[in-house]
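Using the working numbering, the letters of the sequence shown map in sequence onto residues 156 to 294.
We put the beta carbon where it would ideally sit given N, CA and C, even for glycine.
Before any comments, here is the structure.
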Amino acid sequence: YAPVVVDHFGPYVGGATKIVGSSTRADHLKETEAIMRERLGERASVSLSQAYYLDVTHQDANKGMAVMALAELYDIEPDEIATIGDMENDVRMFEKSGFAIAMGNANDRVKARANVVTGTNEEGGWADAVKRYVLPLAP
156 YAPVVVDHFG PYVGGATKIV GSSTRADHLK ETEAIMRERL GERASVSLSQ AYYLDVTHQD
216 ANKGMAVMAL AELYDIEPDE IATIGDMEND VRMFEKSGFA IAMGNANDRV KARANVVTGT
276 NEEGGWADAV KRYVLPLAP
């Protein structure tokens, strides 16, 4: 979708599925994320999906809920699901899955929430994680 720039969200909140704040100032978005999380609490899911994107969605529209939906769809326990991520929006996914793998380029908060850390995007970390941690456990 093309971006829609607005002065305030009042007329749009009822029909919005996602609000994205974008800036070249990653430090400002990080500060804004903390403020919005504090003010919105559990009423919304607020997280960085990239250093320059701050996503605000319904509290149930997050990757953790996706793990739960997949577990139900495939009739498995969430503990049987492995997840791989590198950004703040992956933390809720880590919390719901049985085995969380952080990419090497993730920040320290994301890494701390994972079971293991693999290489960076540029080092083929995703492929290495699948080879080392996922495939050996596959039936």
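Drop a sphere of 10 angstroms on the beta-carbon of Leu184, count the other beta-carbons inside from all chains shown, and report buried for 16 or more, exposed for fewer. Counting Cβ neighbours within 10 Å, Leu184 comes out buried, since at least 16 surround it.
The stretch 256-269 contacting the stretch 235-244, beta-carbon criterion three pairs below 8 Å: Cβ pair count under 8 Å is three or more, so yes.
Are the CB atoms of Gly176 and Thr187 within a distance shorter than 9 Å? Taking 9 Å as the cut-off, the beta carbon of Thr187 is found closer than this to the beta carbon of Gly176.
To the nearest angstrom, how far is it from the Cα of Leu203 to the Cα of Ala293? Cα to Cα, the separation comes out at about 31 Å.
Relative to the C-alpha of Tyr288, which candidate in Arg192, Lys173, Thr275, Asn270 has its C-alpha closest? Asn270 is the residue among Arg192, Lys173, Thr275, Asn270 whose C-alpha sits nearest the C-alpha of Tyr288.
Which one of Gly169, Asn217, Ala189, Gly253 has the shortest CA to CA distance from Ile231? Measuring from the Cα of Ile231, the nearest candidate turns out to be Gly253.
Using the Cα positions of Pro261 and Tyr207, report the straight-line distance between them to the nearest angstrom. Per the sequence presented here, residue 261 reads as Ala, with Pro not at that position. Answer to the nearest angstrom: the Cα atoms are 14 Å apart.
Distance, Asp283 Cα to Met141 Cα: Residue 141 cannot be examined here, being either before or after the span of the chain that is shown, 156 to 294.
DSSP on Thr172, reduced to helix/strand/coil? Three-state DSSP puts Thr172 in coil, outside helix and strand.
Status (buried if at least 16 other CB within 10 Å, exposed otherwise) for Glu243: Sixteen is the threshold: when 16 or more other Cβ atoms of the shown chains lie within 10 Å of the Cβ of Glu243, as they do, the residue is buried.
Measure the alpha-carbon distance for Asp215 versus Met248 and round it to whole angstroms. The alpha-carbon atoms of Asp215 and Met248 are separated by roughly 12 Å.
Have a look at Arg268, Leu228, Glu235, Glu227 and flag the residue whose alpha-carbon is nearest the alpha-carbon of Val246. Nearest of Arg268, Leu228, Glu235, Glu227 to Val246, Cα basis: Arg268.
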